[in-house]
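Asks: When you line the sequence shown up against this note's numbering, it's residues 120 to 354, in that order. All residues carry an ideal CB built from backbone N, CA and C; glycine is no exception.
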Amino acid sequence: FHKFTFVSLVPLQLYEIFKNQESINKLNRFKNILIGGAEIDKQLELKVRQLHVTAWHTYGMTETYSHIALRKLNGSETTDYFTPMEGVIIKRDERGCLMIKAPVTNNEFIITNDLAEINNDGNFKITGRFDFVINSGGHKLQTEQLEKSIRELVLPFHNLQFILTSVKDEKFGEKLVLLVGSSPVKLLQNDWKEYTLKEGSYSIPKEIIFVEKIPFTETGKPDRIKAKEIVSLHH
C-alpha cells in the first residue's frame, strides 16, 4: 500500500510495468497517471484501457517546458485527440506541422516538426514527424504511421519491439529497413497482405534485421539515430 495518488511515466516504463502483475497492482493504487515523453503504440494503449487508474497522455516539448495538451486514454471519454490546455492556441504550418502559441512561449508561435491533424473542435492528433520521413524510390514514407500499421496488421500477436529505419541504396535512394528486437521470426508474404492494402506495396520493408534489443533514448523514445547506425553496420 502507498499514499501517493499521482505518478508520471514514459511509455517504456509502462511497458516494463505490464510485464509483472504485482507492478500492475501497485500502479492501480494511484488515482491518476500521466504518460508522456513519447508516442504510445496501440498495443500498449489497449493495456492501459484495462487499468483501474485514470490515465492521461500528455503532449509537450522542450520549448514549452511542460505539457500543453492532454488526452484521456481510458474510461468513458477515451480519445485519439489531444485537447489544448487553457491559453494554448494551435495551428498548422505549410508542411502540416503543429504550431503552438501559449503564455509559456511568450505568446509567440513556435514551430514543431510534429505532423498533426486538427479537428473542428480545435483538438489535435499527431500523425508523425516531418523529420522522420524516408524518401524511398520517390515515395515519402512516414515511419511512425507505418510502425503503427505494422503493429496492428502484421505483428498484432507478437509482443515484439521494432523500429523502421533506412539505409542508403543504389536503386531506391533510401531503402526501408525493419529492425526487430528478438530472435528471428518468420514473416510470410501473407502476413503483409492487409498492411499492403492500407499502405501500398512500396511501404513494405525491403529488409528485416533481427537484433538483441531495440535502442531507446533515456526518455523512452526509440533511438532512431542509433537504429540507423546498427543497420549501417550490417551493410
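#1: Whole-angstrom Cβ separation of residue 298 and residue 330, contact assumed at under 8 angstroms?
#2: I'd like the ranges of any alpha helix (DSSP H) spanning at least 4 consecutive residues and lying wholly in the segment 303 to 333.
#3: Please tell me whether residue 294 and residue 302 are closer than 8 angstroms, where the distance is taken between their beta carbons.
#4: Where do the N-terminal and C-terminal ends of the beta strand (DSSP E) with residue 200 fall, by residue?
#5: What ranges does the beta strand (DSSP E) occupy inside the segment 212 to 300, keeping only unbroken runs of at least 3 residues that lie completely in it?
#6: Using CA atoms only, rank isn't needed, just tell me which of 198, 172, 221 and 214 is closest to residue 207.
#7: Between the beta-carbon of residue 248 and the beta-carbon of residue 162, is there less than 8 angstroms?
#8: Closest to residue 344 by CA distance: which of 149, 187, 250 and 186 is it?
#9: For the segment 137 to 157 against the segment 173 to 182, do three or more pairs of beta-carbon atoms, one drawn from each stretch, fall closer than 8 angstroms, so that the two count as touching?
#10: DSSP beta-bridge partners for residue 174?
#11: Determine the extent of the alpha helix (DSSP H) in which residue 192 is found, giving its start and end residues.
#12: Which of helix, strand or coil does DSSP assign to residue 210?
Replies: Straight from the coordinates:
#1: 6 angstroms between Cβ atoms; contact.
#2: Runs found: 312 to 318.
#3: It is not a contact, given that the beta carbons lie outside the stated cut-off.
#4: Segment: none, residue 200 is in no beta strand (DSSP E) and carries neither H nor E.
#5: Fully enclosed beta strand (DSSP E) runs of 3 or longer: 216 to 220, 229 to 237, 243 to 248, 252 to 255, 258 to 261, 280 to 288 and 292 to 300.
#6: Ranking the options by Cα distance to residue 207, first place goes to 221.
#7: Using a Cβ distance threshold of 8 angstroms, residue 248 and residue 162 do not count as a contacting pair.
#8: Residue 250 is the option with its Cα nearest to residue 344.
#9: Judged by Cβ distances under 8 angstroms, the segment 137 to 157 makes contact with the segment 173 to 182, as three or more pairs qualify.
#10: Bridge partners of residue 174: 152.
#11: From DSSP, residue 192 is part of no alpha helix (DSSP H); its letter is neither H nor E.
#12: In the structure shown, residue 210 sits in a strand (DSSP, three-state: E or B).
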